[in-house]
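Residue numbers (the numbering used here), protein chains in the order written: chain C, -9 to 510; chain G, 427 to 502; chain B, 825 to 1149.
Notes for the one structure printed next.
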Amino acid sequence: MNDLMTWLFLAFMSLVYVVYMILPKKARPYCLLVFSLLFYVVYSKFLTFFMLSTILSIWLGGLWLNRIDDGEAKKREGLEKEARKALKKKVKRQKRLVVALIIIFNVAILATLKYFNFFGSLFEGFLSWFNLSVHMPILKIALPLGISYYTLSAIGYIVDVSQGRHRAGNLLSVALFISYFPQLFEGPFATYSTLAPQLMAGEGFNSQNLFSGLSKVLWGFFKKVVIADRLAIVVSAVFSNYASYSGLVVVLGIIAFTFELYAEFSGLIDVASGISEMFSIRLAKNFEQPFFSTTVSEFWRRWHMSLGAWFRQYIFYPVSMSQGMMKINKKLAKKNSFWQVFVPSALALFVVWLLNGLWHGADIKYIVYGMYYYVLMMLGMALEPLFNLIYKKSGIDKNSKWVTFLKIARTFILVNIGLLIFRAATLKEAANIFTSIFQSGELNLISLGVIDIYDTIWCFIGVAILLVYDYLAEKKKLPNSQNWHTAGKVAFLIAMAVMIIVFGAYGEGYIPPDPIYGGF
Amino acid sequence: MERLLKILSNIKPGIDFTKEKDLVERRILTSFDILRLVSEINNEFDIEITPLHILPENFNSAESIYALIQKLEDED
Amino acid sequence: MHKARLIKRRLLISFLIICAIAMVYLYLVVIFMPKDTGDLGGAKYYSTQAYKKEQKNSIDLLFFGNSDVYAGVSPILMYQNSGISSFVCASPKETGYSLVNYVKANLKRQNPKLVVLDADCFYYKNDHYHGFNVQSKVMAIAPFFYHARWKELTISDFFTLPTAKADPLKGYLPNAGTSNYKHKDSFMQNPNAQPLEVEKSVVKCLKTIQELCKSENAQLMFMCLPTPFSWNNSKSNGVKLLAGSMGVPFLDLNDPSCGLELDFNHSFKDSGNHLNIQGAEVATRFLENYITSHYSLADHRGEEKYKSWDEIAKNYDYYVQRAKQ
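Encoded structure:
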């Protein structure tokens, strides 16, 4: 995002806010929808068509499902128990068909636009095994903004309606749920039942929310512009020129990427959440001090939480509790419940991680990324009884501070390796970079002119700020700024803005990095 | 309720489920634990908990889990 | 609280907040504006303001044009050799309107014998936005544009106002370094190329400048410094035609027949766009020769009025080191 776009966005935001607050309550959802669509059309132009198709498909699908349900309720009344059961079964199958249709429609759009070239190259590779050469055409089309996000949200909506979690929404609420602009860039994901009512409520001016929202927005920008974009200097130097570096510098580069990603991703989420908060809309939390995790499983419950929640709700539980799995369960019923659910959950988890990897990008390396975590988690689960035995026998308290600290360090290292795969251009490169760690190299980035001493110091300060903030958040000791006097609040906001303007890593001498989670 | 508490302490020993709240939010019960829980509850109480019912609200405390069980027992 | 009073209170608070933000912003402008040519961005900024600080009626030769000119002409070098007092008043993205405004502003303070315009900018789009002195507009966005100065701020930055300063190098901005630019053999090998017409609004501006010069008894001349990046035979012929119709001499240093001995492969800091220090030296000497043989400009070396010029000429290398980009 260059400077002009940033300014345009800020101007746009201010306009939306003022217009929204001036309008009467009933008009506010329409205001949000109009601005969201306007924003989308300007950003994605004719690709807006795809998002509109998604909205239409789930709106109509929702209405259809409700019709089937209402029809069943009517018919139920005059029937006996046996007939009721049969009707229920029939209706269930009907609804499944509708949902499947709509999901396939939307996934097909996503698959074609995002994954066509990837699957095409896989297909080519597959056929070449049989000495068949096929040249797959390459699709050169940009992605509609946020398609990976809103497609999953749409699937969530239609599944929820079919399962009866809530009734189908009207066109306004469905359209608003999908197109609501702050969440299009990096999320967070939301369920219809938690977000739609807020979007439709049209809450008015609330000075407390204005302050907390603005604070969050500025804090998010601070993380992105001052910390993440600055770390990007080091990260892009090490990764784009990895052949020139080895030893400690590479380790620092990888760690820098981990914090760059965290600062940028959580920063932009904070901006989206902060903007929403200004409108008294609460978005889901997406991060909960992820680097304090003691296991990789815990990490993924604290990182990109809304994505994890989506996978849990719509893939993990449905797959692991599906009919097929239940049959396997019955077979294993004799053994203890741990092993009883091990197979279904292992299978479900495999699907989750395959999709998770694939969702992050249309490339083999992302699948490997997903599988890397899958293997780690499976190992962790399978070895848990063994570890418990070791703790028992050796008398070490597994909740002691030392053990916890070691676990956190171990998890941090594993996460960094995962992110190395994520960031490197190819798997081969990732492997090369990894091996270069063990070669001696004392290249000093400062003396090479990659980064000067001032920016280096700021990199360390930035990471420290992130860790201190997270530590306070973990211990629930963050100061409550709502108690401050208005002058204090204004001074705080101005101070934050000044920090961003002065210390931001933009302009001459700073490279503009592309947002990492943004091309989705 | 007794049976439920027994199942819970079998899956996660050492936690006092009569007192603890926010079991899901505080990650006391992981998704894996919930799977085991659901599997045992389904067997013990002869009900069918589906993914639809797996919401944080329903599993955040022993009371809310029991309420869910009772609701499902009444349904059939 | 009564609704009217609530709205009044809110308006008052909003007003105070806006005032606070404005004051903070203005103070940030003061802090971050470069105060000296040695500061980050200072050289470029002060070189476009520096003409305001030159002693009145001390400049005999004025150069105007785009960034090629402040990269390629060194007045002090010329003064060292022949005592001619010249000044470079050029800015990046110079437009026709900018030329007029800069010439006007300078002629108010100086009475030069010769005014030289570099023709490369004749072919820029002539709009008012990029007009006169974009650098002065930079002050409005100083906290953003110069924010990287946080690394070099001193105590005095917090209470010194940025004011125009005299530029010891008289508008010259030296470019260190050489790129591995490879000069094309095909450059300027097409002398019969169709002339590219200069845009009407630019011609109008040039005629205005011609009038101004006449009224101040200054001679006018066009030149084009070596800039293979943006120059070609069509443009050269276009300016030749225009200069001919206006009765103005035109010296094109890109033209192989002009006699300039420049190592095109090593004289640019970028891909044939801006001359570096070595290239500027050669170009300046060449211009000096041409001007001294076609015009009579005084030799001011040793004069009382030009004592400061002698000082600077003595320490020329120091000033170049300090200002080089």
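Glycine included, each C-beta is placed from N, C-alpha and C at the ideal position.
Since we're looking at a predicted model, the values are computed, not measured.
I'd like to confirm the pairing. Which residues does DSSP put opposite Leu938/B in its beta bridges?
Leu885/B and Gln1043/B
Pro967/B at chain C interface by Cβ criterion, 8 Å:
yes
Per-residue contacts from Ile480/G into chain C (C-beta, under 9 Å)
Arg302, Gln303, Tyr307 and Met311
Every unbroken alpha helix (DSSP H) inside the stretch 1102 to 1146 of chain B [4 residues or more]:
1131 to 1138
Please look up how many angstroms separate the CB atoms of Leu1086/B and Gly1103/B, rounded, as I've assumed it's under 8 Å.
7 Å
Taking Cβ-Cβ distances shorter than 8 Å, what residues in chain C pair up with Arg453/G?
Glu288 and Arg291
Proximal residues of chain G, C-beta to C-beta of Ser335/C below 7 Å:
Phe458 and Leu461
Residue closest to Leu1044/B, alpha-carbon to alpha-carbon, out of Tyr903/B, Trp1055/B, Lys1031/B and Phe1053/B
Lys1031/B
Phe1076/B lies in the alpha helix (DSSP H); which residues open and close that run?
The sequence shown places Asp at residue 1076/B, rather than the Phe named in the question. Element bounds for Asp1076/B: not the alpha helix (DSSP H) but the beta strand (DSSP E), Phe1074 to Asp1076.
Residues bridged to Trp293/C by DSSP?
Phe277/C
Nearest-angstrom beta carbon gap, Ser138/C and Trp349/C [assumed within contact, 8 Å]
6 Å
Roughly how many whole angstroms lie between the Cα atoms of Leu174/C and Phe450/C?
31 Å
Quick one: what's got a C-beta closer than 8 Å to Ile398/C's C-beta in the same chain, skipping five residues either side?
Phe281, Phe282, Ser283 and Thr284
Unbroken alpha helix (DSSP H) runs of length 4 or more, entirely within the stretch 940 to 1002 of chain B: which are they?
958 to 961 and 966 to 969
So, helix, strand or coil for Met(-9)/C, using DSSP?
Bear in mind that the predicted position of Met(-9)/C carries a pLDDT of just 45, short of 50, making it unreliable; the figure below should be weighed with that in mind. Coil, per DSSP.
As assigned by DSSP and simplified to three states, the class of Ala914/B
strand
Terminal residues of the continuous alpha helix (DSSP H) containing Thr38/C?
Thr38 to Arg66
Determine, using beta-carbon pairs with one atom in the stretch 476 to 495 of chain G and one in the stretch 301 to 309 of chain C, whether at least three such pairs fall under 8 Å.
yes
Would the beta-carbon of Val286/C fall within 8 Å of that of Leu404/C?
yes
Name the chain C residues whose beta carbon is nearer than 8 Å to that of His826/B?
Per Cβ cutoff of 8 Å: no residues; His826/B is ~17 Å from chain C at best.
How would you list, in chain order, the residues of chain B whose beta-carbon sits under 8 Å from the beta-carbon of Thr476/C?
Ile837
Could you tell me the alpha carbon to alpha carbon distance between Pro1073/B and Leu997/B, rounded to whole angstroms?
26 Å
CA-CA distance, Val88/C and Val309/C?
19 Å
If I measure Cβ to Cβ from Lys1138/B and keep anything under 7 Å in the same chain, skipping five residues before and after, which residues do I get?
none
Tell me which residue opens and which closes the alpha helix (DSSP H) that Arg413/C is part of.
Lys391 to Arg413
Which word fits Ile380/C, buried or exposed, when buried means at least 16 other C-beta atoms lie within 10 angstroms of its C-beta?
exposed
Determine, using beta carbons only, whether Lys1024/B comes closer than 8 Å to chain C.
no
Check each candidate in Phe249/C, Tyr147/C, Gly61/C and Leu258/C and name the one with the smallest Cα separation from Asp460/C.
Phe249/C
Using a Cβ-Cβ cutoff of less than 6 Å, which residues in the same chain neighbour Leu901/B once the five nearest sequence positions on both sides are dropped?
Thr1108
With three or more C-beta pairs closer than 8 Å as the rule, is the stretch 938 to 954 of chain B touching the stretch 1019 to 1030 of chain B?
yes
CA-CA distance, Ile831/B and Ile845/B?
21 Å
From what residue to what residue does the alpha helix (DSSP H) around Val224/C run?
Asp219 to Ser230
Of the listed residues Trp290/C, Asn406/C, Thr476/C and Lys214/C, nearest to Ile490/C (C-alpha basis):
Lys214/C
Check Leu864/B in the structure and name its three-state DSSP category.
coil
For Tyr496/C, the first and last residue of its enclosing alpha helix (DSSP H)
Unbroken run through Tyr496/C: none, as it is neither H nor E.
Determine the DSSP secondary structure at Phe1092/B, reduced to helix, strand or coil.
strand
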